[in-house]
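S.K.: Using my numbering, the first residue of the sequence shown is number 988, and each one after it goes up by one.
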Amino acid sequence: MKEKLDAIKQKALEKLSQVTDLDGLNEIRVEFLGKKGELTAVLKSMKDVSPEDRPKVGQFVNDARVAIEEKMDEIKKTFEAKALENKLKSEVIDVTLPGKDPEVGHRHPNTIALSEVEKIFIGMGYEVIEGPEVEYDYFNFEALNIPANHPAKDEQDTFYISKDILLRTQTSSCQARVMMDKKPPIRVISPGRVYRSDEVDATHSPCFHQIEGLVIDKNITFADLKGTLAEFAKALFGEDTKVKFRPHHFPFTEPSAECDVSCFKCGGKGCRFCKGSGWIEILGCGMVHPRVLEMRDIDPKEYTGFAFGLGLERIALLKYEIDDMRLMYENDTRFLKQF
Ligand code: DAH
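(1) Under 8 Å: does the beta carbon of A1294 sit that close to some heavy atom of the ligand DAH?
(2) Please report the straight-line C-alpha distance between G1086 and V1121, rounded to a whole angstrom.
(3) Under 8 Å: does the beta carbon of G1273 sit that close to some heavy atom of the ligand DAH?
(4) Check whether the Cβ of E1199 sits closer than 8 Å to any heavy atom of the ligand DAH, and report yes or no.
(5) State the beta-bridge partners of A1070 as determined by DSSP.
(6) State yes or no: is the C-beta of F1237 nearer than 8 Å to some heavy atom of the ligand DAH?
(7) From the DSSP output, which residues share a beta bridge with H1235?
(8) Among L1131, L1299, E1067, T1156, which one has its Cα closest to the Cα of D1141?
(9) Can you check the region 1131-1217 for any alpha helix (DSSP H) of at least 4 residues that lies completely inside it and give the ranges in chain order?
(10) Would you give the residue range spanned by the beta strand (DSSP E) that T1291 belongs to?
(11) What does DSSP give as the partner residue(s) for Y1123 in the beta ladder?
(12) Nearest by alpha-carbon distance to V1279: which of Y1125, E1317, S1149, I1148 is it?
(13) With distances taken Cα to Cα, identify the nearest neighbour of K1150 among C1161, F1128, A1163.
(14) Compare the beta carbon distance of G1296 and G1200 with 9 Å and say whether it is the shorter of the two.
(15) For I1173 versus D1204, is the C-beta spacing smaller than 9 Å?
(16) Using only the heavy atoms of the ligand DAH, determine whether one of them is closer than 8 Å to the beta carbon of L1154.
(17) Using a Cβ-Cβ cut-off of 7 Å (strictly less than) and excluding sequence neighbours within five positions of Y1316, which residues of its own chain qualify?
(18) Relative to the C-alpha of E1268, which candidate in K1231, Y1290, V1048 has its C-alpha closest?
(19) Give every residue of the same chain whose Cβ lies closer than 8 Å to the Cβ of V1187, excluding the five residues on either side of it in the sequence, and list them in chain order.
(20) Put M1274 into one of helix, strand or coil per three-state DSSP.
(21) On a Cα-Cα basis, can you pick out the residue from G1045, L1000, A1189, E1014 that is closest to K989?
(22) Does the ligand DAH have even one heavy atom less than 8 Å from the beta-carbon of S1243?
Here it is as structure tokens:
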């Protein structure tokens, strides 16, 4: 019996010395220690052994089983260590590899230009307010002294929602609203979208942005308007920038003017950028029309004011030397990434 057991043990250890993986190890376990395994078969035959020999034989069987199991455990441990080592190797992080830049969004040139303009006027003590884009005809036209038969009211220029409601064509619509909400002194700018039924081209869009400015107080004169806009132009386009005012007409201001800035590209000598004139038109402005004040119960003998309105896209296109306004609305990341 002892020889038989030694042979089984030897055979098992021999097989174990050649095993290469956990599957193989399991097969050997089944072959020798499983229900139908060789060693188990010996154990089952114990009943045929005489009672006096049983303890001894039992001891042999046990020794053989322990020897095989110990070897198996030892091999299993080396396999597991190897597997762990491989896993760690495959998961190793090369900290010297160059990092991947996270994709970061960019501010739209309009947004950048708007925050610059806002910063300048906030610095001068202005408050930033907003008005509705869907507006009453009244605030967009009538309250601004624009007569009912004015060409701008034409359906060809204005998007009407109903007879009395429209998409505002100018941020000037905020003027009357501010004068209802606040008592003078008033010093506000109001940026936002405006709508006109224009065909899309390099300089037009049916939806664009304006920034309105309105100041009402005692003793406000055209000199205040000029001084304010001169400071604004310097802050936005550079210290050397000059401003020029040309007489113009707007129904809600009297007198009215258009304001040009000296070309910041050529300094006023004339270049392709300013179409040779040395000047670039940037906004409309004027002294608030007495009728506009009266309609809001502000006495024009006591209070005067000035207003101005500028196109935000125009500022952004000028500042960043963009020559086609359509780029501003296409959201092409190749364009936006440059800002
Ligand atoms: N609302 C005018 C426009 O859209 C711009 C403008 C001109 C605004 C003169 C003003 C102003 O406040 O005083 O063309």
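Quick reminder that beta carbons are idealized off the backbone N, C-alpha and C, glycines included.
M.R.: Short version:
(1) yes
(2) 48 Å
(3) yes
(4) yes
(5) Residue pairing for A1070: DSSP places it in no beta bridge.
(6) For the ligand DAH, at least one heavy atom lies less than 8 Å from the Cβ of F1237.
(7) S1243
(8) T1156
(9) 1160-1168
(10) T1291 -> beta strand (DSSP E) spans 1291-1298.
(11) I1152
(12) Y1125
(13) F1128
(14) Yes, the Cβ-Cβ distance between G1296 and G1200 is below 9 Å.
(15) yes
(16) In this structure, the C-beta of L1154 stays at least 8 Å away from each heavy atom of the ligand DAH.
(17) For Y1316, where only same-chain residues beyond five positions count, the Cβ hits under 7 Å are S1192.
(18) K1231
(19) When the five nearest sequence neighbours on each side are left out, the beta carbons in the same chain lying within less than 8 Å of the beta carbon of V1187 are those of P1193, R1313, in order along the chain.
(20) strand
(21) G1045
(22) yes
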